[in-house]
Every structure is written in structure tokens, then in C-alpha cells.
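Peer 1:
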Amino acid sequence: MSIKKIFKLRNLIAIAPISLVLLLIFPCLGTQSKYNYGEALQKTILFYEAQQAGKLPAWNRIPWRGDATLTDGADVGVDLSGGWFDAGDHVKFGFPMAASATNLAWGGIEYYDAYQQSGQLTYLSRNLRWVTDYFLKAFANDQPGQYVFYGQVGDGNQDHQWWGPAEAVSYQMARPAYKIDTSCPGSELAGETSAALSAASIFFRKNGDTAYADLLVQKAERLYDFADQYRGKYSDCISAAVPFYKSFSGYQDEIVWGAIWLHKAKDAQNWGYRGEYLTKAIAEYQSMSKPYNYTHVTDDKAYGAYVLLAQETGELEYRQRVEAWLDYWTIGYQGEKITYTPGGLAFLNQWGSLNYAASTAFIGFIYSDWLRNQGESEKANRYFDFGVSQVHYILGNNPHHRSYIIGFEKNYPKNPHHRTAHGSWLNDSSNPSETRNLLVGALVGGPDQNDQWEDDRNDWEGNEVAIGYNWGIAGALARMYLEFGGEPLPEIPIPTDQQESIYVEAKIKQSGANFLEIQADIVNKSASPATVLDNAALRFFFTLDSQDINDISVVGTESECPNSPSQPVQVSEQVYYVEINCQGKAIYPGGNEHYKKSVGLRITSNNRWNHNNDWSIKGLKYTFGRTVKATQIGLYNNGELIWGEVPNSRE
3 MSIKKIFKLR NLIAIAPISL VLLLIFPCLG TQSKYNYGEA LQKTILFYEA
53 QQAGKLPAWN RIPWRGDATL TDGADVGVDL SGGWFDAGDH VKFGFPMAAS
103 ATNLAWGGIE YYDAYQQSGQ LTYLSRNLRW VTDYFLKAFA NDQPGQYVFY
153 GQVGDGNQDH QWWGPAEAVS YQMARPAYKI DTSCPGSELA GETSAALSAA
203 SIFFRKNGDT AYADLLVQKA ERLYDFADQY RGKYSDCISA AVPFYKSFSG
253 YQDEIVWGAI WLHKAKDAQN WGYRGEYLTK AIAEYQSMSK PYNYTHVTDD
303 KAYGAYVLLA QETGELEYRQ RVEAWLDYWT IGYQGEKITY TPGGLAFLNQ
353 WGSLNYAAST AFIGFIYSDW LRNQGESEKA NRYFDFGVSQ VHYILGNNPH
403 HRSYIIGFEK NYPKNPHHRT AHGSWLNDSS NPSETRNLLV GALVGGPDQN
453 DQWEDDRNDW EGNEVAIGYN WGIAGALARM YLEFGGEPLP EIPIPTDQQE
503 SIYVEAKIKQ SGANFLEIQA DIVNKSASPA TVLDNAALRF FFTLDSQDIN
553 DISVVGTESE CPNSPSQPVQ VSEQVYYVEI NCQGKAIYPG GNEHYKKSVG
603 LRITSNNRWN HNNDWSIKGL KYTFGRTVKA TQIGLYNNGE LIWGEVPNSR
653 E
């Protein structure tokens with residue numbers, strides 16, 4: 003019987019006393035199908051495309067994103083382009099990236115039918131392969147005894163000092179690569195990345211890509227050997243991760259977690275595998291801490307390990323661990339219970355409150371489904387109803403009737419803590435005041451314990467978005483889609499900034515009977531996508547009248563570009579241009595000193611010269627020294643016209 007049919011049947015079961023309690027805890031359960039779960043799922047997967055680093059694939063659907071950080075790894079001679087940026091910044095932290103990939107794949111495995119029926123399977127597959135391909139590159143040496151894995155690109159301390167777009171970050175700062183190896187290992191990082199490749203292999207095998215799945219299993223096994231044989235805390239070796247993703251819980255949970263996923267991957271591969279990695283996981287579990295009052299996050303996989311071990315063995319020890327945890331989140335365990343906000347959110351932590359609730363809902367759904375298959379409907383209902391209540395809170399069943407997924411429903415966050423979506427050209431998180439691009443599908447951090455939240459991008463606790471926030475809500479929504487349905491949109495609308503953002507402003511600085519002096523600014527406020535002008539050139543067109551071109555001289559005046567003006571270049575019989583090339587001075591939306599460059603030139607004739615009919619002077623004649631947009635001065639980048647109207651050439 004399908005999961006969907008099973009849960010329709012549960013509504014016919016008589017309400018037990020515990021269910022009455024749950025109805026008081028989760029008052030939203032009477033409105034189970036009020037949201038379009040297909041659309042919500044569709045958008046939460048889309049978010050990962052906004053986080054892509056490197057040369058974007060043709061299938062990327064985010065119109066305001068462009069290629070970024072193409073030279074990552076150049077400092078160590080390894081191609082480390084690709085992968086996902088972590089949050090609203092541009093660091094590629096390998097540990098949360100791997101954890102996100104594992105759990106995103108887990109949702110794809112458990113709720114494969116939901117992704118298939120909703121039309122999102124292709125998008126999930128593409129996004130998973132994008133990140134697993136990156137991990138394969140980061141595993142720079144997979145030879146036993148010589149292992150090298152690059153676990154971070156970019157310095158978070160430096161990165162967080164700058165508020166600009168991903169497309170320009172490589173022009174603003176160096177992006178060092180950090181590694182673990184056999185002399186300075188990192189079992190959390192290697193173990194989690196092994197888990198990611200293992201989980202992804204199961205998904206791709208299910209999806210028919212056997213060859214790629216086999217490759218992932220092979221690399222996962224090597225990474226697990228690295229994690230197991232060379233034990234050490236990864237943040238001791240990649241110290242740049244410490245302020246952001248320090249390992250607090252140690253690596254034992256990743257040793258167990260990685261072993262279980264490798265067991266599942268090898269079992270799916272079915273090459274005469276005999277369960278060695280499950281035996282390994284069970285043995286290592288004895289040394290793992292066994293908490294119940296937190297949840298499954300990047301740094302703590304104990305909770306997910308409980309669930310997988312329960313599924314694989316059915317043993318009471320693991321089931322009791324799972325249920326202690328989920329009871330803590332629902333009815334309480336041994337006199338302890340998580341705090342609930344007045345609006346019904348299970349509140350674990352101020353920073354990213356919704357992330358914790360969503361991930362617990364997702365894994366709670368998985369365990370609930372497994373329990374139901376064991377014939378234990380009462381507990382299954384409890385954990386399922388909890389998950390529904392938390393997802394509904396996120397989608398809008400909260401005191402403010404707000405969706406916390408950007409772009410879903412009508413009342414949603416507009417100003418996430420995300421540099422590239424914001425689109426500042428001034429290195430200022432408050433300017434402009436409104437976010438220029440919509441970060442569709444991102445789950446924001448969420449409200450405080452009193453359900454209070456403000457749409458303020460400078461409140462990073464409540465408005466941060468991250469790859470580690472979205473996997474839980476995506477997995478939970480896949481389960482909700484199976485239960486309640488919903489239609490994804492034929493096409494996702496993604497509003498972008500439509501204002502003119504690259505242009506030339508100019509003014510007549512001085513003029514006389516035989517000379518003209520122009521001051522011009524090349525302006526780059528681009529955001530949709532942000533563009534770096536790395537070889538910009540400005541062309542001023544003028545008419546020679548009846549004079550000899552040899553009577554004309556050109557000199558540069560005040561200029562922030564390093565190159566002198568060219569000599570006049572003929573366009574037609576009487577029309578010429580002078581070019582000022584800014585090669586060597588990148589112009590990008592990264593602060594006052596970067597988004598605008600001023601250039602000046604003076605054209606002088608040996609005779610009287612009527613410059614009033616010059617092509618590029620139009621619009622500047624009566625500005626009285628004010629700078630205005632100069633629509634007939636041509637702006638080029640790498641030889642391509644990107645702004646302005648120019649006269650027809652001879653050709």
C-alpha cells in the first residue's frame with residue numbers, strides 16, 4: 003500500500019486520548035491542505051541554483067545570477083570552481099555543503115515519488131550532481147595513504163567584511179583554499195562528504211545513472227577510509243572554519259553516519275556486499291554521544307544516525323533513542339520538553355529557529371512512515387502531526403500569517419541577509435533600502451520565541467538564508483506533497499531589478515572656440531546579474547567638419563583609468579571617435595572606489611571648431627556643468643557595445 007493511501011486511512015481511526023493532546027499542541031491540523039505544497043517544494047529546490055558558484059550551467063534558472071569565482075583553487079593548482087556558496091556570503095564551507103547534500107539526497111531517496119510526480123526530479127538531480135561533481139574535484143588525491151581533500155574556499159572573516167555580489171568577489175579579495183590530508187586530517191569533513199556521495203549514489207542509481215552511482219560509491223569508500231584511518235577534528239586543521247563551522251560535537255557521529263550511508267550505498271550496488279559497514283556503524287555507535295534534546299544539524303548527526311540504524315536493524319536501542327528525541331520535541335521526555343512559541347513553533351534556538359523545526363519535521367516524517375509500516379500508528383500519528391504543524395507554521399499558519407519562504411504566498415520576506423540578491427553597489431547592506439532581486443525559495447532564519455520577526459537584512463539571526471536551512475524544509479514539503487498534493491507552477495516568476503545599471507554620465511567641463519573638455523563617469527551598479535567591466539572603453543564621437551584630422555590633438559585630463567586617450571579613429575567621412583580604455587582597472591559594484599571610474603579628455607583644434615554638432619555632445623550642451631546620462635557616448639567591454647547609441651560605421 004502506498005504512503006499516501008496509508009495516511010488517508012489513518013483519518014478513519016478513532017481518536018485516542020493522546021491524539022486529543024496533540025490537537026491542543028498542533029491546532030493547525032484542521033487545515034492540512036490549505037497550501038500549494040507542490041509550488042513550495044518547487045521553490046525550495048530552486049534556491050540551490052541561486053547559490054551556485056563557478057561557471058553556471060545552461061539549466062540554471064536564476065536570471066540575476068552570473069558566473070562567479072572561476073579561479074577558485076588556482077592558489078593550490080587544483081580546479082575548485084563549482085559547488086555552493088554557503089549562505090548570504092561567498093565562502094564555500096565544505097562541511098555544511100556536504101551535510102546539505104547528504105540530507106537533500108535523503109529526501110530524494112525517501113520521497114522519490116513526490117519529486118517525480120511534482121515534476122521536480124530533474125531539478126533535484128541536477129542540483130545534487132552539481133555539488134557531488136564539486137566534491138569529486140575537491141578530493142584531489144584519493145590514493146590510500148596520500149589522501150587530500152579541499153574542505154573550504156574563501157576566508158570567512160575577510161569575506162564577511164565586504165557586502166557585494168558573488169560575481170565580483172574574486173576581484174575584491176583572494177580566495178584561499180584549505181585542505182585536510184593524512185598529516186592533518188578531518189574525520190567530520192571526510193566522513194560527511196563520504197555520506198553525501200553514498201546518499202547521492204543511491205539517488206542516482208534509483209534514477210537510472212548506474213555508472214555515476216558506482217563512481218560515487220568508489221569515492222565514498224575512499225573518503226570513509228580517510229575519515230576512519232586518519233582520525234582528527236577537521237576544524238583543528240582548517241582553522242579558518244572555526245568562527246563559522248567549528249566541530250563542537252566531535253567526529254564520532256560522522257564516523258557512524260558515514261558508515262551507515264556507505265552500507266546503504268553498497269547494499270544498493272549489490273556487488274556481493276555482506277554488510278560490513280553496518281557492522282562498523284553498530285560498533286562505532288557504542289562510542290558516540292547519544293543526545294536527545296537538540297536536533298539533526300551540520301555538526302550533530304546522532305539523530306539521523308538513530309533513525310537509519312532503527313530502519314536497518316529494527317532494534318529497540320535505536321528506536322528508543324529516536325523516540326526520546328522526537329518525544330522531547332512533541333509531548334516531552336523525562337520531564338523535559340522543547341519550548342513552543344505562542345503561535346506553535348517548536349523553538350530550539352534564536353539563530354535560524356525555523357531551520358531546526360524544519361529538519362526535525364523532515365526526519366520525523368521519515369521515522370513516522372517507518373513506524374506506520376511496523377503497525378505503530380499512535381506514535382506515527384504523533385510525529386507526523388508534529389511535522390505538519392511545523393511546516394504549516396513556516397508556510398503561513400502563524401500569528402502574522404506570514405510565509406517564511408521567500409516568494410511563496412503573498413506575505414513573505416523581502417530582505418534576506420544575502421549580498422548578491424540585495425544588489426548593493428556601495429559595499430553597504432543598507433543601501434539601497436530595498437532588495438533588488440528576489441531570492442525565491444529561500445527559508446529565512448525565522449522568528450524569536452515570541453513569534454516576533456522583522457524583515458531586516460541586517461538581522462542575520464532572523465534573516466540569514468543558507469544551504470543548510472533548505473534541505474529540511476524541502477524534504478518535509480516532499481512528504482507533505484505526497485499526503486496533500488498541490489500543483490507546481492508552470493514557470494516560476496523571479497522578479498529582478500529592471501533599472502538601468504551600467505551607463506555613462508558626463509558633462510562639458512570646459513569649452514572654447516577651438517577646444518572641448520569632457521569629464522565622464524563610467525558607472526556600474528549592475529545586479530541582475532552583477533557584471534564586472536574588466537576591459538571597459540569609452541568612445542567619444544565628434545565631427546571633423548572641413549578640417550584636416552592632423553589639426554586635431556587629444557590629451558587625457560583627470561582620469562582614474564590608467565591609459566591615455568587614443569588618437570582619433572575614423573568612423574565615416576567626417577565622424578571620428580577618441581577612445582579611453584580602462585583595461586587594468588576593473589569596474590564592478592563593490593564600493594565607492596570600484597563601481598564608478600572617472601575619465602577626462604580634451605580635444606583641441608588648430609583652428610576654430612564648431613563642436614555643437616558632434617554626435618556625443620548631444621544632451622550635454624545645456625547642463626550647466628551638471629553630470630547627466632550621456633546616451634550618445636559609447637561604452638564597450640571587451641570590444642562589445644554595452645551602453646549608448648553610436649554612429650553607423652563605414653561597414
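Residue numbers (the numbering used here): 3 to 653.
In this text, a Cβ means the ideal position worked out from N, Cα and C, and glycines have one as well.
1. Please state whether the Cβ-Cβ distance between residue 92 and residue 171 is less than 8 Å.
2. Do residue 453 and residue 347 count as a contact pair if the criterion is CB distance below 8 Å?
3. Can you name, in chain order, every residue of its own chain whose Cβ lies under 7 Å from the Cβ of residue 1, other than the five neighbours on each side?
4. Would you mind listing the alpha helix (DSSP H) stretches within the segment 193-270 that are 4+ residues and don't spill past its ends, in chain order?
5. What did DSSP end up calling residue 391 once you bin it into helix, strand or coil?
6. Does the Cβ-Cβ distance between residue 539 and residue 414 come in under 8 Å?
7. Taking the alpha-carbon positions, what's the residue 62 to residue 87 distance?
8. Considering just the uninterrupted stretch of the alpha helix (DSSP H) at residue 160, what are its terminal residues?
9. Assuming residue 119 is part of the beta strand (DSSP E), what are its boundary residues?
10. My guess is that residue 153 and residue 180 are in contact by the Cβ rule of under 8 Å, so how many angstroms apart are they, rounded?
11. If distances are taken between C-alpha atoms only, which option among 224, 217, 298, 212 comes closest to residue 251?
12. Give the DSSP-derived three-state secondary structure of residue 367 in the structure shown.
13. In this structure, how does DSSP classify residue 633 when only helix, strand and coil are distinguished?
14. Check this for me: beta carbons of residue 72 and residue 134, under 8 Å apart or not?
15. One question on the structure: do residue 207 and residue 531 come within less than 8 Å of each other, judged by their Cβ atoms?
16. Between the alpha carbons of residue 253 and residue 125, how many angstroms are there, rounded?
17. Of the residues 570, 547, 549, which one's Cα is nearest the Cα of residue 557?
18. Run the CB neighbour count on residue 33, radius 10 Å, all protein chains shown included, and call it buried at 16 or more, exposed below.
19. Expressed to the nearest angstrom, what Euclidean distance is found between the alpha-carbon atoms of residue 395 and residue 386?
20. Around the Cβ of residue 550, are there at least 16 other Cβ atoms within 10 angstroms (buried) or fewer (exposed)?
21. Does the Cβ of residue 523 have 16 or more other Cβ atoms within 10 Å, making it buried, or fewer, making it exposed?
22. Along the chain, where does the beta strand (DSSP E) containing residue 180 start, and where does it finish?
23. Would a C-beta distance cut-off of 8 Å place residue 96 and residue 140 closer than the cut-off?
24. Within a Cβ cutoff of 7 Å, which residues of the same chain sit near residue 568, ignoring the five residues on either side of it in sequence?
25. Alpha carbons only, please: which of 226, 425, 279, 203 is nearest the one belonging to residue 145?
26. Where residue 200 and residue 116 are concerned, what is the direct C-alpha to C-alpha distance, given to the nearest angstrom?
27. Among 584, 554, 548, which residue has its Cα nearest to the Cα of residue 565?
28. Within 8 Å, do at least three Cβ pairs link the segment 275-286 to the segment 309-323?
29. Once DSSP output is grouped into helix, strand and coil, what is the label at residue 25?
30. Take residue 306 and list the residues in its own chain whose beta-carbon comes closer than 7 Å to its own, dropping the five residues that flank it on each side.
31. Residue 127 lies in the alpha helix (DSSP H); which residues open and close that run?
32. According to DSSP, simplified to helix, strand and coil, what is residue 460?
33. Please identify the residue among 300, 296, 238 whose C-alpha is closest to the C-alpha of residue 197.
34. For the alpha helix (DSSP H) that residue 339 lies in, which residues bound it at each end?
35. Given a cut-off of 8 Å on the beta-carbon distance, is the pair residue 554 and residue 496 in contact?
36. If you measure between the beta carbons of residue 55 and residue 85, is that distance less than 8 Å?
Peer 2: In this structure, then:
1. yes
2. yes
3. The requested residue 1 does not occur in the structure, where the chain is confined to residues 3 to 653.
4. 212-231, 236-239, 244-247
5. helix
6. no
7. 15 Å
8. 158-161
9. Unbroken run through residue 119 is the alpha helix (DSSP H), 114-119; no beta strand (DSSP E).
10. 6 Å
11. 298
12. helix
13. coil
14. no
15. no
16. 32 Å
17. 570
18. Low confidence applies to residue 33: its pLDDT is 45, below 50, so where it sits in the model is not reliable enough to give any reading.
19. 14 Å
20. exposed
21. buried
22. 179-183
23. yes
24. 580, 581
25. 226
26. 21 Å
27. 584
28. yes
29. Interpretation of residue 25 is limited by its pLDDT of 43, a score under 50 that renders its predicted location unreliable; the figure taken from the coordinates is listed afterwards. Helix, per DSSP.
30. 259, 298, 365
31. 123-140
32. coil
33. 300
34. Element bounds for residue 339: n/a, residue is neither H nor E.
35. no
36. yes
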